[in-house]
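Since the structure comes first, as structure tokens, the remarks are kept for the end.
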Amino acid sequence: MKIGLVGYQGSGKSTLFEWLTGVASDPAQAHVGQSAMAEIPDERIGRLVEIYQPKKITRAAIEIIDTPGLARDHQGNAARLATLREAECLVLVAGAFDRTDAMADVVSFDEDLILADMEIVAGRLERVAQSLAKPIPRPEREKIQHEQATLQIVLAALESGNPLRESHMTDEQRAVTRAFRLLSEKPRMVIVNTADDESRPERFTDRSTDALPVAAVPAGLELELARMSPEDRAEFEAEMGVGGSDRDGLVRRMLAISGYMTFFTAGEKEVRSWLVPKGATALDAADGIHSDLARGFIRAEVMTVSDLVLLGSEREVKAQHLVRQEPKGYVVNDDDVLLIRFSV
Ligand SMILES: Nc1nc2c(ncn2[C@@H]2O[C@H](COP(=O)(O)OP(=O)(O)O)[C@@H](O)[C@H]2O)c(=O)[nH]1
Ligand SMILES: [Mg+2]
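Counting in numbering that gives the first Met the number 0, the sequence shown runs from 0 upward without gaps.
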């Protein structure tokens, strides 16, 4: 699962990238971008570890992509955004440490997404027209004509300045556009990179809505703090009254906005969190662990972390008959601990 950091040159993408992943950005790769994994922190893993005392702990991780800075005049931005086609979510980094109108980036960024999508859709329409100019069998022709009609509607929406996430596309239209992984269709959020001494970050976060979640982080300062030893850091934070941005909360928020969640597996060998799209079934979860588990799926035995924590052991959860037997189509919950029964 990939999340892209985007924004205008010098907004603090690479600073934030290092803070989120712990991997320093390599200036030699600045023009192409770079990616690294960020583990998804979850205090419930700690609880499960206390209960199971496992040999191994594995946290699900997301891939964070740092991208080349966008130009304010839009020139060349479509190409710079190309690496984000595969991302599930776009995080706009808006620099506010050296200017006052950081939120203006949101409007400009939507324009960039729309322009990049228009390029893709218009290019496809050209190729579609070329195909239709040739003699082709009727069923194929009808299929291509359907694609053409859909893309013309999509192009018209983009041309009138509407990002696709706001165009109420039908499922049928989405089925056509899905393959192009259009950028203005992806969920997004804003991280405002504030000055180290920003005293009122609420002036940014107060504007947060479900449609446009906004977080504020003094990325430069947080990265400096993250590089310090824990002792120096604690002293510095106490003395200056700064720091303490909720990195863990931010990573989990990005996960939720992307439409993903985690579930757990737990035993004496390993306690582990796994990433699945929200709405995933027990069969999807099994497949995420190993395709053999999906192929030979018999049932899922499901407990919740809450029950385990409350009762203190798996044995007690079983004794209280709180282990559910669920079929393939069971929709997995965020608090579930799964054991997949399967035949080989
Ligand atoms: N004062 C201040 N400077 C920052 C902050 N974040 C980034 N910078 C500076 O802005 C410049 C660009 O940062 P960088 O992360 O490379 O931006 P990018 O172009 O978006 O990757 C660097 O010189 C950083 O030191 C911040 O939060 N506060
Ligand atoms: Mg950079």
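Backbone N, C-alpha and C define an ideal beta-carbon position, used for all residues, glycine too. Treat the numbers as computed from the prediction; the structure is a model and nothing was measured.
Buried versus exposed, by CB contacts within 10 Å (16 or more), residue i
i, result
"Glu49", "exposed"
"Thr208", "exposed"
"Ala233", "exposed"
"Pro186", "buried"
"Pro217", "buried"
"Ala27", "exposed"
"Ser244", "buried"
"Gly32", "buried"
"Thr193", "buried"
"Val275", "buried"
"Val343", "exposed"
"Lys142", "exposed"
"Glu238", "exposed"
Local conformation of residue i per DSSP, three classes
i, result
"Glu223", "helix"
"Val127", "helix"
"Ser207", "coil"
"Thr82", "helix"
"Tyr51", "helix"
"Ser272", "strand"
"Lys317", "helix"
"Glu62", "strand"
"Thr149", "helix"
"Thr20", "helix"
"Phe96", "coil"
"Met253", "helix"
"Lys1", "strand"
"Glu158", "helix"
"Ser244", "coil"
"Val322", "coil"
"Met260", "strand"
"Ala279", "coil"
"Val120", "helix"
Pair within 8 Å by beta-carbon distance, residue i and residue j
i, j, result
"Phe341", "Gly295", "yes"
"Glu184", "Leu163", "yes"
"Val5", "Leu89", "yes"
"Ser305", "Arg58", "no"
"Val331", "Ala281", "yes"
"Ile61", "Ile2", "yes"
"Leu337", "Val301", "yes"
"Ala103", "Phe203", "no"
"Ala121", "Leu80", "no"
"Asp111", "His73", "yes"
"Val213", "Val189", "yes"
"Val191", "Leu150", "no"
"Glu87", "Ser290", "no"
"Leu222", "Glu17", "yes"
"Asn76", "Ala115", "yes"
"Ala299", "Glu325", "yes"
"Glu315", "Arg180", "no"
"Ile63", "Thr20", "yes"
"Gly266", "Pro53", "yes"
"Gly219", "Thr66", "no"
"Gly240", "Leu224", "no"
"Arg137", "Leu131", "no"
"Pro229", "Ala215", "no"
"Val92", "Ser10", "yes"
"Met0", "Tyr259", "yes"
Segment limits, beta strand (DSSP E) that includes residue i
i, result
"Met239", "Met239 -> not in any beta strand (DSSP E); alpha helix (DSSP H) instead, spanning Pro229 to Met239."
"Gly295", "Run containing Gly295: none; DSSP gives neither H nor E here."
"Ala101", "No beta strand (DSSP E) holds Ala101; DSSP gives it neither H nor E."
"Ala37", "Gln33 to Glu38"
Distance cut-off 7 Å: residue i Cβ against heavy atoms of ligand 3
i, result
"Asp65", "This structure lacks ligand 3; its bound ligands are ligand 1 and ligand 2."
Terminal residues of the alpha helix (DSSP H) in which residue i lies
i, result
"Leu310", "Val304 to Leu310"
"Ile135", "Segment: none, Ile135 is in no alpha helix (DSSP H) and carries neither H nor E."
"Leu337", "Note, Leu337: premise wrong, no alpha helix (DSSP H); beta strand (DSSP E) at Asp335 to Phe341."
"Ala70", "It is not in any alpha helix (DSSP H) - Ala70 carries neither H nor E in the DSSP assignment."
"Ala27", "It is not in any alpha helix (DSSP H) - Ala27 carries neither H nor E in the DSSP assignment."
Chain D contact for residue i (CB, 8 Å cutoff)
i, result
"Arg98", "Among the chains in the structure shown there is no chain D, since it carries only a single protein chain."
Every unbroken beta strand (DSSP E) inside the segment 170 to 217 [3 residues or more] | Runs of the beta strand (DSSP E) inside the segment 170 to 217: 187 to 192 and 213 to 216.
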